[in-house]
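So for the sequence shown, my numbering puts the first residue at 1; every next one is plus one. Presented below is the structure to which this report refers.
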Amino acid sequence: MQIYKGMDIGTAKITEQEMEGVPHHLIDILDPQDSFSTADYQSLVRNKISEIANRGKLPMIVGGTGLYIQSVLYDYTFTEEANDPVFRESMQMAAEREGADFLHAKLAAADPEAAAAIHPNNTRRVIRALEILHTSGKTMSQHLKEQKRELLYNAVLIGLTMDRDTLYERINQRVDMMMQSGLLPEVKRLYDKNVRDCQSIQAIGYKELYAYFDGFVTLSDAVEQLKQNSRRYAKRQLTWFRNKMQVTWFDMTPPVDMELKKKEIFTHIAGKLEL
Numbered sequence: 001m002q003i004y005k006g007m008d009i010g011t012a013k014i015t016e017q018e019m020e021g022v023p024h025h026l027i028d029i030l031d032p033q034d035s036f037s038t039a040d041y042q043s044l045v046r047n048k049i050s051e052i053a054n055r056g057k058l059p060m061i062v063g064g065t066g067l068y069i070q071s072v073l074y075d076y077t078f079t080e081e082a083n084d085p086v087f088r089e090s091m092q093m094a095a096e097r098e099g100a101d102f103l104h105a106k107l108a109a110a111d112p113e114a115a116a117a118i119h120p121n122n123t124r125r126v127i128r129a130l131e132i133l134h135t136s137g138k139t140m141s142q143h144l145k146e147q148k149r150e151l152l153y154n155a156v157l158i159g160l161t162m163d164r165d166t167l168y169e170r171i172n173q174r175v176d177m178m179m180q181s182g183l184l185p186e187v188k189r190l191y192d193k194n195v196r197d198c199q200s201i202q203a204i205g206y207k208e209l210y211a212y213f214d215g216f217v218t219l220s221d222a223v224e225q226l227k228q229n230s231r232r233y234a235k236r237q238l239t240w241f242r243n244k245m246q247v248t249w250f251d252m253t254p255p256v257d258m259e260l261k262k263k264e265i266f267t268h269i270a271g272k273l274e275l
């Protein structure tokens, strides 16, 4: 979601000062009204990997959506054959009538793996997964499993973890910090521009506050829902990466000597890549 302009606080977008002179890519490249698919991400990131590697530099991909990372590192292909506009429209109407959770539950019953990887608020991706099942008779997970899934790069996968209670407390604190830093007016600016029914607004932190501006919930309830959705998303992230990818995990549960931990991680990467 950091690809979208004007969505800085809610996506924890890195600041120029935090970059410390290190080039970062694919940030602020789209307007919030623009759509962006997994296939789009795959194409852009692979091009960037080639561009950076050709300069003799080591590209690093930082992110949390497992399917997007897999789409880049493995030889997944995306087909547009499984399209049914009528079905897609009917699912969109169902989402508007019954709510996003209704569609996500429908997907979870048919394709638990895809449901675990897709946030309930991301109605566009939920509908796409249901559309693939409807048109092909196979789940999105089956389509992915049937592909060769050969690793295309000499990649080192690093994950940071900590005990669950500490993680959840950090998430709650992060939401409070975002609110103090101006998340509410950031979302209000998008709301006032009538940015609606867009993929970007399905992001955690935006849809919850849209419900507040629409008058459906109180601000305190919206913030609590934001915390809950963030915790659930973190849990799904951990489950996905532990089950789907060969990640080396580093425990960041406090107290941690950050300098020693960074050295440990860098040593691991250098050993794997023979740097």
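The beta-carbon is built from N, C-alpha and C at its ideal position, and this holds for glycine as well.
Given residue i as reference, the closest of the options once Cα atoms are compared
{"i": "Phe241", "options": "Ile49, Gln70, Ile52", "result": "Gln70"}
{"i": "Trp249", "options": "Asp40, Gly205, Met7, Leu157", "result": "Leu157"}
{"i": "Thr253", "options": "Tyr168, Val223, Asn243, Ile201", "result": "Tyr168"}
{"i": "Ala53", "options": "Thr166, Asn172, Tyr74, Asn154", "result": "Asn154"}
{"i": "Thr166", "options": "Lys261, Lys235, His25", "result": "Lys235"}
{"i": "Thr38", "options": "Val22, Glu18, Ile27, Tyr76", "result": "Tyr76"}
{"i": "Asp8", "options": "Met60, Asp176, Tyr206", "result": "Tyr206"}
{"i": "Arg174", "options": "Gln228, Gly159, Met19", "result": "Gln228"}
{"i": "Gly6", "options": "Ala270, Ser230, Lys188, Gly271", "result": "Lys188"}
{"i": "Leu273", "options": "His25, Ala12, Pro59", "result": "Pro59"}
{"i": "Asn172", "options": "Met162, Ser230, Asn194", "result": "Ser230"}
{"i": "Met245", "options": "Gly64, Arg124, Asp40", "result": "Gly64"}
{"i": "Arg196", "options": "Asp214, Ala270, Gly137, Gln237", "result": "Asp214"}
{"i": "Asp111", "options": "His134, Ile14, Lys13", "result": "His134"}
{"i": "Thr160", "options": "Gln237, Ala12, Glu16", "result": "Sequence inspection shows Leu at residue 160; the Thr mentioned does not correspond to that position. Leu160 has its Cα closest to that of Gln237, out of Gln237, Ala12, Glu16."}
Whether residue i touches residue j by CB criterion (8 Å)
{"i": "Glu131", "j": "Arg97", "result": "no"}
{"i": "Gly66", "j": "Ala117", "result": "yes"}
{"i": "Ile127", "j": "Met93", "result": "no"}
{"i": "Pro85", "j": "Asp101", "result": "no"}
{"i": "Tyr68", "j": "Pro32", "result": "no"}
{"i": "Glu186", "j": "Tyr74", "result": "no"}
{"i": "Leu183", "j": "Ile201", "result": "no"}
{"i": "Ala105", "j": "Ser141", "result": "no"}
{"i": "Tyr210", "j": "Leu219", "result": "no"}
{"i": "Lys48", "j": "Ile27", "result": "no"}
Assigned secondary structure, residue i (DSSP; H/G/I helix, E/B strand, else coil)
{"i": "Leu30", "result": "strand"}
{"i": "Ile14", "result": "coil"}
{"i": "Ile118", "result": "coil"}
{"i": "Phe250", "result": "strand"}
{"i": "Gly159", "result": "strand"}
{"i": "Val256", "result": "coil"}
{"i": "Gln180", "result": "helix"}
{"i": "Lys227", "result": "helix"}
{"i": "Pro23", "result": "coil"}
{"i": "Phe102", "result": "helix"}
{"i": "Glu274", "result": "coil"}
{"i": "Arg196", "result": "coil"}
Bridge partners - residue i, DSSP secondary structure assignment
{"i": "Ile3", "result": "DSSP output for Ile3 lists no bridge partner at all."}
{"i": "Leu279", "result": "Given a span of 1 to 275 for the chain in the structure shown, any question on residue 279 remains unanswerable."}
{"i": "Leu151", "result": "Tyr74"}
Minimum Cβ-Cβ distance from residue i to chain B less than 8 Å
{"i": "Asp101", "result": "Among the chains of the structure shown, chain B does not appear; only one protein chain is present."}
message: Quick check for students: name the residue ranges of the alpha helix (DSSP H) that lie wholly in the stretch 30-94, counting only runs of 4 or more.
response: 38-54, 66-73
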